[in-house]
Amino acid sequence: MFPLHISGLRFQPNGRAVLDGLDLQLSGDGISVILGPNGTGKTLLLRLLAGFLPAHGGTILWGGAGRPDGRMAMVFQQPMLLRLSVFTNVEFALRPQSLSAAERKERTNEVLERVGLAHRAADCARLLSGGERQRLALARAWAMRPRLLMLDEPTASLDPSATEAVERIIREIRTDGAKVLMTTHNLGQATRLADDIIFLAGGRVQEHESAQRFFARPQSAAARAFMQGELPWRIAFDR
Ligand SMILES: Nc1ncnc2c1ncn2[C@@H]1O[C@H](COP(=O)(O)OP(=O)(O)O)[C@@H](O)[C@H]1O
Ligand SMILES: [Mg+2]
Numbered sequence: 145m146f147p148l149h150i151s152g153l154r155f156q157p158n159g160r161a162v163l164d165g166l167d168l169q170l171s172g173d174g175i176s177v178i179l180g181p182n183g184t185g186k187t188l189l190l191r192l193l194a195g196f197l198p199a200h201g202g203t204i205l206w207g208g209a210g211r212p213d214g215r216m217a218m219v220f221q222q223p224m225l226l227r228l229s230v231f232t233n234v235e236f237a238l239r240p241q242s243l244s245a246a247e248r249k250e251r252t253n254e255v256l257e258r259v260g261l262a263h264r265a266a267d268c269a270r271l272l273s274g275g276e277r278q279r280l281a282l283a284r285a286w287a288m289r290p291r292l293l294m295l296d297e298p299t300a301s302l303d304p305s306a307t308e309a310v311e312r313i314i315r316e317i318r319t320d321g322a323k324v325l326m327t328t329h330n331l332g333q334a335t336r337l338a339d340d341i342i343f344l345a346g347g348r349v350q351e352h353e354s355a356q357r358f359f360a361r362p363q364s365a366a367a368r369a370f371m372q373g374e375l376p377w378r379i380a381f382d383r
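Numbering follows the numbering used here, in which position 144 of the sequence shown is assigned residue number 288; successive positions increment by one, without gaps.
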């Protein structure tokens, strides 16, 4: 499944190029964070990789193959939850996998424990707070044991303590062996989580750099302008 090679990726609804020949290579390790201005195609890129819609051109190769041979899971900004219990929301997602009912139950309980929702297992998912809903969405993805986890603005509407809980879970999923590819508007979050930064603007990857180097000094003028707009104060990059 890795390395992931994207070349010349195009998406041009009604002839307007949103992705304009995007090239990107990704290894199967660590947390890669996509940054870029609004409307630049970050969500779209994740959706294209997930196969939710077709590109208008270019190639996506997963370890040299046209299709990924490992599992991928995606969590959206507003997770879609079933009007069922917290437990069932996770267990249901495991039904396509060849697991016994007992294995599904065990795995579900394990991930709910790990995201701190075991005590809410019987509650209706619709009753959860925003942070709890996002943790449930992450538990559901985690239970699938994905090789690639894609997250689109996973903490966009959360307060700092809920954000911290989500970030901790993302790190644990990475430690469990998943490659994480995520978008965020939160530059602090990018400094806390990212191993590498993919800076998207003008329909292409303008810069793909280790997080340390990117935050020390973005190479492209577009990235510098973005950082100045998004970051009027200076966040120390220490770790
Ligand atoms: N399925 C689609 N059909 C047509 N246009 C789309 C589709 N998905 C996204 N777009 C357009 O692509 C652009 C990038 O959107 P998006 O990926 O949501 O930006 P970002 O996540 O970077 O803010 C937007 O102009 C959006 O309207
Ligand atoms: Mg988006």
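Even for Gly, the Cβ is constructed at its ideal location relative to N, Cα and C.
Asked                                                                                                   : Found
Ala-186 Cβ short of 7 angstroms to ligand 2 heavy atom set                                              : Correcting the residue identity first, residue 186 is Lys in this sequence and not Ala. Yes; taking the cut-off as 7 angstroms, the Cβ of Lys-186 has a heavy atom of ligand 2 nearer than that.
Residue environment, Arg-383, which counts as buried when at least 16 other CB atoms sit within 10 Å    : Reliability of the predicted coordinates at Arg-383 is poor, the pLDDT of 32 falling under 50, and the value obtained from them is presented with this limitation in mind. Exposed: under 16 other Cβ atoms inside 10 Å.
Neighbour-count burial assignment, Gly-347, 16 or more Cβ in a 10 Å radius                              : buried
Heavy atom of ligand 1 within 7 angstroms of Leu-197 beta-carbon                                        : yes
Check: Thr-328 C-beta below 7 angstroms from any heavy atom of ligand 2                                 : no
Neighbour-count burial assignment, Thr-120, 16 or more Cβ in a 10 Å radius                              : This structure leaves residue 120 out entirely; the chain is present only between 145 and 383.
For Ser-242 and Glu-125, the rounded distance between their alpha carbons                               : Residue 125 lies beyond the range of the chain shown here (145 to 383); nothing can be said about it.
Close beta carbons around Gly-201, own chain, < 6 angstroms, minus the five adjacent residues each side : Arg-154
Secondary structure of Phe-155, DSSP reduced to three states                                            : strand
Inter-residue CB distance, Asp-296 and Thr-327 (contact presumed, cutoff 8 angstroms)                   : 5 angstroms
Closest Cα partner of Arg-312 within the set Thr-187, Leu-271, Ile-175                                  : Ile-175
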